[in-house]
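As given, the protein sequences belong to chains A and Y, one line each in that order.
According to my numbering, the first sequence is numbered sequentially starting from 259.
According to my numbering, the second sequence is numbered sequentially starting from -6.
No residue lacks a Cβ here, since even glycine has one placed at the ideal position from N, Cα and C.
First comes the structure, then the notes that go with it.
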Amino acid sequence: MTQPTQTANPATGPHDLAEEFLDRTTPLSRLRGLMHRYPAISPAVVLVIAIIVFGMLNERFLNPANLSLITQQVAVVGTLAIAQTLIILTAGIDLSVGAVMVLSSMVIAQFTVQNGVSPVVGLLAGLLVALAAGALNGFLVTRLRLPPFIVTLGTLNVFVALTLLYSNGATVRGGDMPDLLTWTGTTFSIGGVNFTMGVLMMLVLYVVIAFILSQTAWGRHVYAVGDDKEAARLAGISVSRVLMSVYLAAGAILAIGAWIQIGRSNAASPNAGTDLNLDSITAVVIGGTSLFGGRGTIWGTLLGALIVGVFRNGLSLAGLDVLWQTFAVGVLIVLAVSVDQWIRKVRK
Amino acid sequence: MTLLDGSTSSAAGPSVVREPILTATKLVKTYGRVVGLDGVSLELYPGEVLAIIGDNGAGKSTLIKCLTGAEVADEGEITLDGKPVQFKRPQDAHAAGIETVYQTLAVSPALDVASNLFLGRELRRAGLLGSVFRMVDKKGMRKRARQELADLGISTLQDVTVAVENLSGGQRQAVAVARAAAFGSKVVVLDEPTAALGVRESNQVLQLVKNLRDRGIPVILISHNMPHVFEVADRIHIQRLGKCAATITPQSHSMTDAVAIMTGARKA
């Protein structure tokens, strides 16, 4: 009854903090702290090393034509990976991004060609379909509270089936389409390296989403929701509204990906992009974004997509069997997730 | 009971002359046939720390939930600043100026200290950058976060750009408390703020509670820890079997008395 009031005073000075910082500054823990703060560091290092090594293995690798080819090969999966990053940041996952993109591309091409409408109308139709697909995923995740993995595993099959039903399994050739739809495949040259409009659009999309994620309240809320849903809710953030908006944004991005895909392959094929569902996840994970949500950057994803592109291209130039490319990508995924686990142990 | 009330008002000193900020009158809350609250009244005065103690199932959580909008009382009245209020959702209480720090520490680990303080109420940049491009004012938020932390006397958080997950439990609790105390809240409710903390960290949080009181922000503190309660509380509301068994002060009663009243070993 008499002793209380004095017990609070000891040990509340600022030196406490200094002590706490001192006891964990071994070089390794400092590296981990740095990687924790800037998750794009490790993919950046891997990309630079890969480019140097492949450049030394085969001089054709660094040819402008080859570099141009790599960027084009990366454009579609790089765009899909933007949508995937947004969803993974919220601690979700979307197995249906490739299927939505293909469905959207079939709608864009076939709706325009069959009905003879303006390509702008066709693009808008593709956008609407992709938004509807995103809304469906978002609805199932937020309203029915189903795990995103299960939701998108289901909708993946639904979208694949819808694509084949709508297109009757037939490919629409680029030559039959209005020029606007294949415009994303047209090239322009910077310093001897050719880029396509699709690559440019992908890069612009990265800049826009990077800005939104780092500079707007919505971007912070995406991270907060993925980090700790309950904490975000108690802070007054409407978690389901944020999740819904993420799935809708992903839909819009996938529609742009569909347009880029049409330009890239100069066709709209219902059988394209079956690998893209998983490849987009690969790019995100290799880019240092945590599958547990709340951690990662969009630039890491671009690096991740480039790493996959560089490895596939470099290994094939080095004359290795195509299976070794798949092997290498698999190793990269496991390494990337291991590094993420290690980084997350900064402070348990 | 009357004797206790008498000693309360004389010991609490300034609270006699001031109007209570928050009052609850005869709150009743039943869950089916289980009576959670059986006519509980409570008054909170400016600049005081009111502790609520009680055994498990005594109704302290239910009482707090009714005061913070997490539950709606079946009967009874709540007033804030003399005006009757009705909280149907936690957001209602939040909007009225009652901030709650939950036991689960509602902070976002990967975001930094400043972002956590402003989570859900981010500041925007001035002009077109804010209105058209929706840019948040990172610099401004950091500056105000530093200011708020300094005002609260939180010296253990020097760097507001550190991610919260790199902080110790006490520092995280400090962030959560600072969140609640900043931005002109009228009442801060702390639910078991020291339950998961070590000795030194508990002391930091208790010091923070005192700082809040010294700034004139009344605090409701729910705790199991008698030494902590007796250290910071001005008055102690003891819940027992859904009723207020007594309201005592650390001066009028000992910890043993409080536990005796709490468990029913002694009549209040």
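Annotated three-state conformation of residue 243/Y is coil, per DSSP. DSSP, read as helix, strand or coil, puts residue 287/A in helix. Taking residue 117/Y as the centre and dropping the five residues before and after it, the same chain places the C-beta of 123, 124, 127, 128, 129 and 130 closer than 8 angstroms to its C-beta, in chain order. The Cβ of residue 100/Y sits closer than 8 angstroms to at least one Cβ of chain A. Those residues of the segment 82 to 94 of chain Y placed with their C-beta closer than 9 angstroms to a C-beta in chain A are 83, 84, 87 and 93, ordered along the chain. In the DSSP assignment, residue 453/A falls within the unbroken beta strand (DSSP E) covering 451 to 454. Leaving aside the five residues that flank residue 331/A on each side, the residues in its chain whose CB is nearer than 8 angstroms to its CB run, in chain order, 567, 570 and 571.
Taking 8 angstroms as the CB threshold, residue 598/A stays off the interface with chain Y. Flagged as an interface residue toward chain Y: residue 481/A, by a C-beta distance shorter than 8 angstroms.
The segment 508 to 520 of chain A makes contact with the segment 390 to 402 of chain A, as at least three CB pairs between them are under 8 angstroms. Beta-bridge partners assigned by DSSP to residue 20/Y: 33/Y. Taken in chain order, the segment 380 to 412 of chain A contains no complete beta strand (DSSP E) segment of 3 residues or longer. Non-local C-beta neighbours of residue 388/A in its own chain, meaning closer than 8 angstroms and more than five positions away in sequence, comprise 358, 359, 361, 362, 509, 510, 512, 513 and 516, ordered along the chain. Residue 202/Y holds the alpha-carbon nearest to the alpha-carbon of residue 215/Y among 207/Y, 202/Y, 209/Y and 208/Y. Taking residue 543/A as reference, the option from 453/A, 506/A, 322/A and 587/A with the minimal CA-CA separation is 587/A. Across the set 426/A, 546/A and 415/A, the C-alpha of 546/A shows the shortest separation from the C-alpha of residue 598/A. Close to residue 492/A, with beta-carbon spacing below 7 angstroms, are these residues of chain Y in chain order: 95 and 99. Closest option to residue 532/A, judged by alpha-carbon separation, among 354/A, 385/A and 342/A: 354/A. Shown here, residue 179/Y sits in coil according to DSSP, grouped into three states, outside any helix or strand. Inclusion of residue 21/Y and residue 66/Y in the CB contact set at 8 angstroms is warranted, their separation being smaller than that value.
Distance from the Cα of residue 160/Y is smallest, within the candidate group 246/Y, 190/Y, 185/Y and 220/Y, for 190/Y. Within the segment 505 to 538 of chain A, no beta strand (DSSP E) run of at least 3 residues lies entirely inside it. If you ignore the 5 residues before and after residue 69/Y, its C-beta comes within less than 7 angstroms of the C-beta of 17, 18, 19, 20 and 21, all in its own chain and listed in chain order. Counted as a single uninterrupted DSSP element, the alpha helix (DSSP H) harbouring residue 136/Y occupies residues 131 to 144. Sequence-distant partners of residue 340/A (beyond 5 residues in either direction) whose C-beta falls short of 7 angstroms from its own C-beta, in its chain, are 463, 464, 467, 511, 556 and 559.
Taking C-beta separations shorter than 7 angstroms and ignoring five residues to either side along the sequence, the partners of residue 218/Y in its chain run 187, following chain order.
Secondary structure note for residue 555/A: it is in no beta strand (DSSP E), with a DSSP letter that is neither H nor E. Under a 10 Å Cβ-count criterion, residue 84/Y is classified as exposed, with fewer than 16 other Cβ atoms of the shown protein chains found around its own Cβ.
Under the 10 Å beta carbon count, residue 245/Y is surrounded by 16 or more other beta carbons and is classified as buried. The alpha-carbon of residue 229/Y is positioned some 57 angstroms away from that of residue 541/A.
Taking the Cα of residue 198/Y as reference, the smallest distance to any Cα among 211/Y, 34/Y, 59/Y and 221/Y is reached at 221/Y. Of the candidates 119/Y, 170/Y and 165/Y, 170/Y places its Cα closest to the Cα of residue 144/Y. Here residue 420/A has 361 as same chain residues with Cβ atoms under 8 angstroms from its own Cβ, once five neighbours each way along the sequence are excluded.
Annotation for residue 194/Y: 162 and 163 place their beta carbon closer than 6 angstroms to its own, counting only its chain and skipping 5 residues before and after. In summary, residue 210/Y is buried, with 16 or more beta-carbon neighbours lying within 10 Å of its beta-carbon over all protein chains present.
Membership of residue 76/Y in the beta strand (DSSP E) is indicated by the continuous run 76 to 78.
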